[in-house]
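Novice: In terms of our numbering, the sequence shown opens at residue 829 and continues consecutively.
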Amino acid sequence: MNFPDKGMLLDSIKGSVATAALFLAYISLPLAGILPGIFTPLPVMYYSLKSGKAAGFATVLISAAIIAVTANPMAMMLYLIQGGLISIALPHFLAKGWGGMRSTVSSVALSFFFLLLFVMYAWQLSGVDVHEMIIKGINTSISQTITLYEKSGLKEDELRSLQQGMKQAGEVVGRIYPALALVALGAIAGLNLLVLRKMAEKLNRPLSLPELSTFRNPDLLVWFVIFPGFALLINNSDVTTAALNVLVVTLSFYFVQGMAVALHLFDRFTIPRFMRVIFYILLALQPYLAVALAALGIFDLWGNFRAPKQQKNL
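1. Quick check on V956: does DSSP put it in helix, strand or coil?
2. Once you ignore the five residues that flank S931 on each side, which residues in its own chain have a CB closer than 7 Å to its CB?
3. For E986, does the three-state DSSP call read helix, strand or coil?
4. Could you tell me whether the region 866-880 touches the region 901-920, where touching means 3 or more Cβ pairs closer than 8 Å?
5. Taking I1054 as part of the alpha helix (DSSP H), name the residues at either end of that continuous run.
6. Are V1105 and A1017 touching if we call contact CB-CB under 8 Å?
7. Less than 8 Å between the beta carbons of A1059 and A1071, yes or no?
8. Do you know how far the Cα of A1112 is from the Cα of F831?
9. Hey, how far is the Cα of Y1116 from the Cα of F946?
10. Using the beta-carbon count (16 or more within 10 Å), is L943 buried or exposed?
11. Which runs of the alpha helix (DSSP H) spanning at least 4 residues fall entirely within the region 1022-1096, listed in chain order?
12. Near S1080, which residues of its chain fall below 7 Å by C-beta distance, leaving aside the five closest residues on each side in sequence?
13. Using 10 angstroms around the beta-carbon of A997, count the other beta-carbons present and answer buried if the total reaches 16, otherwise exposed.
14. Tell whether a beta-carbon distance below 8 Å holds between Y907 and I890.
15. Please go through the same chain and pick out, in chain order, the residues whose beta-carbon is closer than 6 Å to the beta-carbon of I970, but skip the five residues on each side of it.
16. Check whether the region 862-869 and the region 842-850 touch, using three or more Cβ-Cβ pairs below 8 Å as the test.
17. I855: which of V1084, T898, Y1005, G925 sits nearest, CA to CA?
18. Are A1028 and L1019 closer than 8 Å when you measure CB to CB?
19. May I have the straight-line CA-CA distance separating R1134 from G1125, to the nearest angstrom?
20. Measure the alpha-carbon distance for V1077 versus L1008 and round it to whole angstroms.
21. Which ranges does the alpha helix (DSSP H) cover as unbroken runs of at least 4 residues, wholly within the region 890-919, from first to last along the chain?
22. Is the beta carbon of V1001 less than 8 Å from the beta carbon of I966?
23. Is DSSP giving P864 helix, strand or coil here?
24. Grab the span of the alpha helix (DSSP H) containing W926 for me, first residue to last.
25. Mind checking whether F1082 and N1032 have CB atoms under 8 Å apart?
26. Going by Cα to Cα distance, which pick from S876, N1132, I1109, T1069 is closest to Y1005?
27. Are L1037 and A1088 close, meaning C-beta to C-beta below 8 Å?
28. Leaving out the 5 sequence neighbours to the left and right, which residues in its chain are closer than 6 Å to D985 when beta-carbon positions are compared?
29. Quick test of your reading: K878 and D839, contact by CB under 8 Å. State the CB separation rounded to the nearest angstrom.
Written out as structure tokens, the structure is:
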């Protein structure tokens, strides 16, 4: 019988403590906890890469136990679906040589599948309408935000416009939250993969992944923009809701391609590092910039902005 060596056991303990700390910060701190929540899978990925799959599995199990004891079993389930499955699946698929995009999509699809199973199980077990519960949560968040702005001393006209805008946004979010959940899982997996690549280089176990600046979606993916776009013209709420969800997910792929184009242009024109940092800050704060990057990704199909510059014969 083979027992784990002390090094692997120590790595599992260190990884589980780091994972539990990141996740507990995520569920305890409303806004500041977003960043640690995103990188909850990272310790497991790192120690899977350093000490093997067994260390990764052990880290996930110990982390889940710590979260269940210190928080509650529901928080443990949230960790497993949001970060636990991705942290195991992504290194596994990478080790099979699937490549960055295929590994990320497969890991996210697996996590989203188990999320749907968990929602269906909770629905059957408790008899609670999950959709209604989510809509209620969205409306509660909007009401709390409006209350805060009311106390800030806004003028009546400005407050009325804000209320209308937030209610409209709440209605849209109430229709596309499945797509938003899927995109959020994709963002978590993608960001952790980018950091893991840097960490792998320090371990002298580099991942054979292409640069993000070379990423390009299949050309046929554009039809998942065109068909849902026309479907939005149909006077049927179920059809338009489904089309909106497909459109949001597809545009997230084109956002990645637009980001790849931007990174390529940064390198081509040797944009200074501080200007790149400003760009990333604006991207985090300004949603319209993300929309512009998605549009850039779509137009890259025809513009081919990363093609080598042709030298003219003089």
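Idealized CB from N, CA, C, for every residue including glycine.
Specialist: To lay it out plainly:
1. coil
2. L918, F921, L922
3. helix
4. yes
5. In the DSSP assignment, I1054 falls within the alpha helix (DSSP H) that extends over 1051-1059.
6. no
7. yes
8. Note that F831 has pLDDT 49, beneath the 50 cutoff, so the model's placement of it is unreliable and no number is given.
9. Between Y1116 and F946, the C-alpha separation is close to 33 Å.
10. buried
11. 1051-1059, 1065-1096
12. V1011, G1014
13. exposed
14. Result no, Cβ atoms of Y907 and I890 do not sit closer than 8 Å.
15. M994, G998
16. yes
17. The residue among V1084, T898, Y1005, G925 with its C-alpha nearest the C-alpha of I855 is T898.
18. no
19. 11 Å
20. 8 Å
21. 901-907
22. yes
23. helix
24. Run containing W926: none; DSSP gives neither H nor E here.
25. Checking the displayed sequence, the identity of residue 1082 turns out to be Tyr instead of Phe. Not in contact: Y1082 and N1032 (Cβ atoms no closer than 8 Å).
26. When only C-alpha atoms are compared, the closest one is T1069.
27. With respect to A1088, L1037 sits apart: the two C-beta atoms are not nearer than 8 Å.
28. For D985, there are no CB contacts under 6 Å within the same chain when 5 residues up- and downstream are skipped.
29. 6 Å
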